[in-house]
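S.K.:
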Amino acid sequence: MAKRSFHPLIALAGGHAAADASLHGAPSRTLIEQTYATLRSDIVEGRLAPGSKLRIEHLRTQYEVGAGTLREALTRLVSDALVTVEGQRGFRVAPIALQELEDITTLRVHIETDALRQSIRAGDAQWREALAEAYAAISAEEQPIAPHRRRQWELLNVRFHEALLAGHTSPWTVRVLRLLSRHSERYRFCAMGLPGGVRDVHAEHTEIFALAMSGQDARAALALEAHPRHARFADPRPARRPRLLPGCAPPQLQAKSATSA
């Protein structure tokens, strides 16, 4: 893999402040934060494969930073559940599996739909104006979503979903949903390499937006509940062990999974 040069990154699951800083080219505050953001992006977008070993000596050359900076960034990613640590054996990219996706989706739906109902009930004219702006921005990017604009769309997708919930302020709800959103995005990038699964994301966003703007909190919550479930992977096999997703596992694990299927 080629060396990575640092540049202002779009905060894929960050809040409005991080998103605005990315759009205006503001640099990250520290080298550790830059390293953390770049590693996170490489994990979420699949450049660092699920389950792969993260060797400090290799990463130092690849990312052109010191071992201490890398360890600090990787420790933060462990807290995000994007990296695992194996005692004295070092770090690995966290694996992904269908069971985890189901768990993430269920938790996200539970928290986000409740937050949306509260937001609609408490939302004022300023909230509706901000939501309309966020909807207009994402609409311009998803008819259809261009592959080379995927990162920009992800940023605007986070902004739209946070705008939906902004009518009722709950900092902890936002923090938890940002973490879940980051993991959901990881699965979306994985799904891009799989056949089928065609969906009209813009139509889904339009329905949620229209119901929220008209104050129909119960119907908006139902539409929002269906929204992430459209991206779930179907697999009829019994869940006797973690099921790896095609194209999302390291080559050696894909081969092992294929021989045992």
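Heads up: the sequence shown at position 201 corresponds to 714 in my numbering, and the numbers run straight through without jumps.
Just so it is clear, CB atoms sit at the ideal spot from N, CA and C, and this is done for glycine as well.
By how many angstroms is the C-alpha of Val689 removed from the C-alpha of Arg573?
M.R.: 31 Å
S.K.: Beta carbon of Arg662, beta carbon of Glu675: below 8 Å?
M.R.: no
S.K.: Looking at Ala638 and Ala679, is the spacing between their C-beta atoms short of 8 Å?
M.R.: No, they are not a contact pair.
S.K.: So what does DSSP say about Val596, is it helix, strand or coil?
M.R.: The answer is strand: DSSP assigns Val596 an E or B state.
S.K.: By the DSSP assignment, the alpha helix (DSSP H) with Val687 in it spans what residues?
M.R.: Per DSSP, Val687 belongs to the alpha helix (DSSP H) from Pro684 to Ala704.
S.K.: Just the C-alpha distance for Ala586 and Gly603, rounded to the nearest angstrom, thanks.
M.R.: 13 Å
S.K.: Measure the alpha-carbon distance for Glu615 versus Leu583 and round it to whole angstroms.
M.R.: 31 Å
S.K.: With a threshold of 8 Å, are at least 3 pairs of Cβ atoms found where one atom belongs to the segment 587 to 598 and the other to the segment 547 to 558?
M.R.: yes
S.K.: Would you check if the distance between the CB atom of Thr626 and the CB atom of Ala739 is smaller than 8 Å?
M.R.: The criterion of a C-beta distance shorter than 8 Å is not satisfied by Thr626 and Ala739.
S.K.: Quick check: what's the CA-CA separation for Val557 versus Ala607?
M.R.: Just so you know, the alpha carbons of Val557 and Ala607 end up roughly 10 Å apart.
S.K.: Could you check the C-alpha separation between His715 and Glu570 for me, to the nearest Å?
M.R.: Rounded to the nearest angstrom, the two C-alpha atoms are 44 Å apart.
S.K.: By the three-class DSSP mapping on this structure, what secondary structure does Ile609 have?
M.R.: coil
S.K.: Going along the chain, which residues of its own chain have a beta-carbon closer than 8 Å to the beta-carbon of Ala752, five neighbours each way excluded?
M.R.: Because the pLDDT of Ala752 is 40, which lies under 50, any placement of that residue in the model is unreliable, and the question is left without a value.
S.K.: In terms of DSSP beta bridges, what is Glu655 paired with?
M.R.: According to DSSP, Glu655 bridges with Ile658.
S.K.: With the cut-off set at 8 Å, would you say His696 and Gln631 are in Cβ contact?
M.R.: no
S.K.: Is the separation between the beta-carbon of Ser683 and that of Ala649 shorter than 8 Å?
M.R.: no
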